[in-house]
Structures are given as C-alpha cells and as structure tokens.
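*Asks:* Protein chains in written order, with the working numbering: chain A, 769 to 881; chain B, 3 to 116.
(1) Does the beta carbon of residue 50 of chain B sit closer than 9 Å to a beta carbon anywhere in chain A?
(2) What are the partner residues of residue 51 of chain B, as DSSP defines its beta bridges?
(3) How many Å lie between residue 49 of chain B and residue 881 of chain A at the Cα?
(4) Go to residue 818 of chain A, then tell me how far its beta strand (DSSP E) extends in each direction, as first and last residue.
(5) Using a Cβ-Cβ cut-off of less than 9 Å, list which residues of the stretch 63–82 of chain B approach chain A; keep chain order.
(6) Which same chain residues end up closer than 6 Å to residue 784 of chain A when comparing Cβ atoms and leaving out the 5 residues on each side of it in sequence?
(7) Does DSSP put residue 829 of chain A in a helix, a strand or coil?
(8) Considering only the alpha carbon of each residue, which of A:835, A:813 and A:830 lies closest to residue 823 of chain A?
(9) DSSP has residue 793 of chain A in a bridge; who is on the other side?
(10) In the stretch 795–820 of chain A, which residues sit with their C-beta less than 8 Å from some C-beta in chain B, listed in chain order?
(11) Under 9 Å, Cβ to Cβ, is there at least one residue of chain A near residue 10 of chain B?
(12) So with CB distances below 7 Å, who are the chain A contacts of residue 115 of chain B?
(13) Less than 9 Å separating the beta-carbons of residue 92 of chain B and residue 71 of chain B?
(14) With a 10 Å radius around its C-beta and 16 neighbouring C-beta atoms as the bar for buried, classify residue 59 of chain B as buried or exposed.
(15) When you compare the CB positions of residue 52 of chain B and residue 80 of chain B, do they come within less than 9 Å of one another, or not?
(16) Figure out for me which residue from A:872, A:878 and A:879 has the closest Cα to the Cα of residue 803 of chain A.
(17) Taking 9 Å as the CB-CB limit, is residue 27 of chain B close to chain A?
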C-alpha cells in the first residue's frame, strides 16, 4: 500500500523553464510534507517543506503547493538550472507518526542546457 | 554537507554474516532515524531513536537491531544476512522526534551481500 506516490518516474525540462514535480498521498493523517533532492552517491538533501495549515511555501526558486482536498502536492522550480538535475523525493509525516517519513518513489529530473 | 556522518561508505560481505553500520547525528540533534533504500522498495523507514530510547519502529526485520548511545551516535546491526538485504542504508537526524521539522540525511552505507 503506497501511501505516497510520485507517478512520473522521470521529467525532462529545458534550462530556464519551469519544472513541476507532482506527488499524491492517501493518508489523511499526514500533516507535514517535504521535498528532498538526491544526487548519485549522496544522501537526500532537504529542499523545502509545507505544513497542512498552509497551501503554499516559497524558498527562492522553489515553491511547494499543497491541495489538501485532492491530497496532492507539487514542487515548482523556476527557472530550472542544469544543476537541478537529480532525483526528487516527496515525503510525508503526521502528528501520530513521530516524525517518521513516508517517501514517494522519486522523480528523476533532467534539465537540459 | 548535512552534518550527519555514516561509516563505512561501502560494505561487502557474505550471506549469514553480521555487520554494524554507524551513524553520528548532526551536532545538537537528539533523534536518529534509519532508512533502507532498495531497488524495488524505495526509501523505507526502519527505526527511530530519541535520546537513547527507541521511539518508533517501521518495517524492520527481527534480524536487524539498533541502539543509540549516550554520546547520541547510533548503530544499526544486521545479522544472518541474506542476498535481499543488499541495499543503501541511510541515517537521518533531527533536533527532536516531534513532527514539522526536516530530517537531515547522511550519505549512506552501501551494503552488498555476495
């Protein structure tokens, strides 16, 4: 039972354009959502998070949107840069989960120069 | 650099053996988490410790155990190893075990069972 799903295994975008990565969840107890970026041979690096009391959070080129009714979140990267090429994971946790993260399967983003 | 240190980076061993993976959390972080990333399962939560005490358990096999020491470093012990235990094992840390704060990950230990 996959509680967090990233349905696109890969995404290719031109440099300077917008990258949109999507994530769906099924567990209504999740109330905190995170995005991590992962390069090969490195651990996941925290990018941005959002609490369920908000519907948008922005940090520089990265914006996360949360649609609670649809149980959907997305990460927007504008403008995309070649250095953004990595695997992106969304993760979720809830008050009752003790900060234990449930991860999606990841989306590989390729930004072409 | 996340500040979380994992050793060793690579470990190659045989079936039936036992190994210990080590993690030092970020300075000031009291909570440590272990995750397994295998090809077919993605990143899966194994176990969490907070200030030396086990806090939560995920899909951790009985052959696996962990502990957190007074200096807050943690060790994950894997015994009676099977081919299917080959995976990347990540450690993460956070200041407290309460939600709404990010976990910071180490670079992982790649375990290969021959």
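Every residue gets a Cβ at the ideal spot worked out from N, C-alpha and C, and that includes glycine.
Since the model is a prediction, treat every value here as computed from it, not as a measurement.
*Replies:* Let me lay it out:
(1) yes
(2) B:34 and B:56
(3) 41 Å
(4) 813–819
(5) none
(6) 847
(7) coil
(8) A:835
(9) A:772
(10) 799, 800, 802, 804, 809, 810, 811, 812, 813, 814, 817 and 819
(11) no
(12) Within chain A, no residue comes near residue 115 of chain B; the closest Cβ sits about 20 Å away, beyond 7 Å.
(13) no
(14) exposed
(15) no
(16) A:872
(17) no
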